[in-house]
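There are 2 protein chains.
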Amino acid sequence: MEILDGKKLATELKEEIKTEVEQLVINGVKRPHLAAVLVGNDGASETYVASKVKSCEQVGFESSMLRFDENITEEELLQAVDKLNKDSKIDGFIVQLPLPKHINEDKVIEAIAPEKDVDGFHPVNVGRMVIGLPAFISATPAGIMEMLKRYKIDTQGKHCVVVGRSNIVGKPMSILMSQKSEFANATVTMCHSRTKNMAEITRTADILIVALGSAEFVKADMVKQGAVVIDVGITRVKSDKTKSGWKLKGDVDFEEVAEKCSYITPVPGGVGPLTIVSLLRNTLLAAEKKIYK
Amino acid sequence: MEILDGKKLATELKEEIKTEVEQLVINGVKRPHLAAVLVGNDGASETYVASKVKSCEQVGFESSMLRFDENITEEELLQAVDKLNKDSKIDGFIVQLPLPKHINEDKVIEAIAPEKDVDGFHPVNVGRMVIGLPAFISATPAGIMEMLKRYKIDTQGKHCVVVGRSNIVGKPMSILMSQKSEFANATVTMCHSRTKNMAEITRTADILIVALGSAEFVKADMVKQGAVVIDVGITRVKSDKTKSGWKLKGDVDFEEVAEKCSYITPVPGGVGPLTIVSLLRNTLLAAEKKIYK
Chain A
1 MEILDGKKLA TELKEEIKTE VEQLVINGVK RPHLAAVLVG NDGASETYVA
51 SKVKSCEQVG FESSMLRFDE NITEEELLQA VDKLNKDSKI DGFIVQLPLP
101 KHINEDKVIE AIAPEKDVDG FHPVNVGRMV IGLPAFISAT PAGIMEMLKR
151 YKIDTQGKHC VVVGRSNIVG KPMSILMSQK SEFANATVTM CHSRTKNMAE
201 ITRTADILIV ALGSAEFVKA DMVKQGAVVI DVGITRVKSD KTKSGWKLKG
251 DVDFEEVAEK CSYITPVPGG VGPLTIVSLL RNTLLAAEKK IYK
Chain B
294 MEILDGKKLA TELKEEIKTE VEQLVINGVK RPHLAAVLVG NDGASETYVA
344 SKVKSCEQVG FESSMLRFDE NITEEELLQA VDKLNKDSKI DGFIVQLPLP
394 KHINEDKVIE AIAPEKDVDG FHPVNVGRMV IGLPAFISAT PAGIMEMLKR
444 YKIDTQGKHC VVVGRSNIVG KPMSILMSQK SEFANATVTM CHSRTKNMAE
494 ITRTADILIV ALGSAEFVKA DMVKQGAVVI DVGITRVKSD KTKSGWKLKG
544 DVDFEEVAEK CSYITPVPGG VGPLTIVSLL RNTLLAAEKK IYK
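In structure tokens, the structure reads:
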């Protein structure tokens, strides 16, 4: 069993991005610039955005954070998005989700210019990904694809089971894994809350990708000997073994499952660290105009 | 075993559309208007477009056919698309594929205004479909979904196997069948040319949708007793039993497979007739501005 060390890989990938950025600067090109829009004071959102900004610094990007009161109107937020769309200094930007309930998230995402949508949430980017055209691919799926590639996981013709059908992980993951490309080209089964005989299906997986958001859902008897297991879940559960009284758990019962796997991602330190790197990579691609000319 | 009679269903659906159109006209709204762009003199394309125009007449739509010489430049074709985008008399239009090789099909499709893209090929419509937003869904998948609905096929939590990963059938089909909606909500496995143990997988299908373009690929031993089989393939093969010397074959060996099925589509007369109806339905939705306000 080998650990898919997302933390280590993320560090390497950040170094690669940093080197590319320095090369851009040497060539007289401006540093990539990521902007993040944060509405309200949600604790988790604050943490995520702060972490994204910090990562920008680490790789030599410029970054901006635009904060808005939680009472901002939808119209005002759409105006802010429009301003970012038109600001030639900004290469890409994200609007941190969730947004307050009085704002239509879909409408805000659709207002982002696709060529600056480095989160890859805009329908144009989702559609281009499905069709197989150049697109910004959302961060978690892009991170997982990069991990499979870097660890040279054999996926061609294998059976990949994706558990969870969210728009930002499950659905794009199932599409990407079935595409006719290297480190993909798998037979893909998409499972979700309505799936019957879940264990029966997951046991047939050569590659099992779990993005359900249910702590330790996957037990040893649901996994085939030698499987590659990718755990996207991250849930905070009570623990009497930590100082804080909390512990982060994945969707996979790591202790039980790990020994059966050929490869497995830990939680934390697996998929998570790669997510931010994908966002940085997308921003670099945006700055270099490699997706949209 | 019951035949999923696409021809009969298409006739009923056309009657429904016709009634809706007459109601629109009574209410003082103009008739929906579909335009079709045909480049060159490909025989199959001519037949398809002629059939689409004829169907428009049957349901009371206006229709236009724009013919261009096969030597039209990409720029000229893009200008024609732009003109259709801006023409308020046209509710929706299609550019019949394939286009001559000197023209970039993706570029032409992306030039179509999403709100007039009644073929549902534009990345915005593909992306919106994946996300679950209102979208024009491409004709064949939309036709199959309508068939499942009209025949009240139980799909919830069932195992649906889709064979073939084309952009216009396989991929959208796999996404639609896994969506959280009625007559969908299935566990979906997407198989393709690189799938190992194809028969082993298809034998687990409660609903088997085959869109491979390989005549009589699916044999009886690949199908579970009681399965619902949807055959999207249509290939012309030589025959000494017909006057023309040709016969249309599906991807499923109907004679062998039919008796094992609970439901099966014939070829011809199954999925095919519903495809044009879906295009009409999309055009009606476009005229009524029900997808894009």
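One line per chain: the protein sequences are A and B, in this order.
Taking our numbering, the leading residue of the first sequence gets 1, the next gets one more, and so forth.
Taking our numbering, the leading residue of the second sequence gets 294, the next gets one more, and so forth.
Glycine included, each C-beta is placed from N, C-alpha and C at the ideal position.
Since we're looking at a predicted model, the values are computed, not measured.
| query | result |
| --- | --- |
| Residues from the segment 415–434 of chain B in contact with chain A, defined by Cβ distance under 9 angstroms | H415, P416, V417, N418, V419, G420, R421, M422, V423, I424, G425, L426, A428 |
| CB contact check: A:S336 to chain B, cutoff 8 angstroms | Since the first and last residues shown for chain A are 1 and 293, residue 336 of chain A lies out of range. |
| Extent of the continuous alpha helix (DSSP H) run through A:K7 | 6–26 |
| N- and C-terminal bounds of the beta strand (DSSP E) containing A:C56 | Careful: A:C56 lies outside any beta strand (DSSP E), inside the alpha helix (DSSP H) at 43–59. |
| Cβ of B:T535 within 8 angstroms of any chain A Cβ | no |
| B:K540 - containing beta strand (DSSP E), residue span | 539–542 |
| Residue-chain proximity (B:D384, chain A), Cβ-Cβ < 8 angstroms | no |
| Beta-carbon proximity list for B:A498, same chain, < 8 angstroms, skipping 5 on both sides | H452, C453, V454, T482, V516, K517, A520 |
| For B:T528, the residue or residues it bridges with in DSSP | B:K542 |
| Contact the segment 544–552 of chain B vs the segment 377–392 of chain B: 3+ CB pairs below 8 angstroms | no |
| Proximity test, Cβ basis, 8 angstroms: B:C484 and chain A | yes |
| Start and end residues, alpha helix (DSSP H) containing B:G463 | 463–471 |
| First and last residue of the uninterrupted beta strand (DSSP E) at A:T242 | No beta strand (DSSP E) contains A:T242, which DSSP labels as neither H nor E. |
| A:V59 to B:S357 span [Cα, whole Å] | 55 angstroms |
| Close-in-space but distant-in-sequence residues of the same chain around A:P123 (CB under 7 angstroms, 5 per side omitted) | E110 |
| A:Q225 at chain B interface by Cβ criterion, 8 angstroms | no |
| Cα-Cα separation between A:K89 and A:H33, rounded to whole angstroms | 7 angstroms |
| Closer than 8 angstroms to chain B by CB, A:G157 | yes |
| At least 3 beta-carbon pairs within less than 8 angstroms: the segment 531–543 of chain B vs the segment 432–439 of chain B | no |
| Exposure of A:E352, with buried meaning 16 or more beta-carbon neighbours within 10 Å | This structure cannot speak to residue 352 of chain A, because chain A is shown only from 1 to 293. |
| A:G92 to B:G420 span [Cα, whole Å] | 20 angstroms |
| CA nearest to the CA of A:K289, picked from A:V118, A:L9, A:M177, A:E105 | A:V118 |
| For B:C484, the residue or residues it bridges with in DSSP | B:V456 |
| Coarse secondary structure for A:V257, derived from DSSP in three states | helix |
| Every unbroken beta strand (DSSP E) inside the segment 381–430 of chain B [3 residues or more] | 385–388 |
| Touch test, the segment 5–16 of chain A against the segment 259–279 of chain A, Cβ-Cβ under 8 angstroms, three pairs minimum | yes |
| Counterpart residues of A:I207 in DSSP-defined beta bridges | A:C160, A:V228 |
| A:S178 at chain B interface by Cβ criterion, 8 angstroms | yes |
| Near-chain B residues of the segment 144–155 of chain A (beta-carbon distance less than 8 angstroms), N- to C-terminal order | none |
| Nearest-angstrom Cα separation, counted from B:K586 out to B:V522 | 37 angstroms |
| Collapsed DSSP secondary structure at B:A579 in the structure displayed | helix |
| Contact belief for B:I405 with B:V374 at Cβ below 8 angstroms, rounded distance in angstroms | 6 angstroms |
| Integer Cβ distance of B:N575 from B:F354, believed to fall under 8 angstroms | At roughly 11 angstroms, the Cβ-Cβ gap does not stay under 8 angstroms, so B:N575 and B:F354 are not in contact. |
| Below-8 angstroms beta-carbon distance, B:R496 vs any chain A residue | no |
| Validate contact between the segment 483–503 of chain B and the segment 146–157 of chain A using beta carbons, cut 8 angstroms, 3 pairs | yes |
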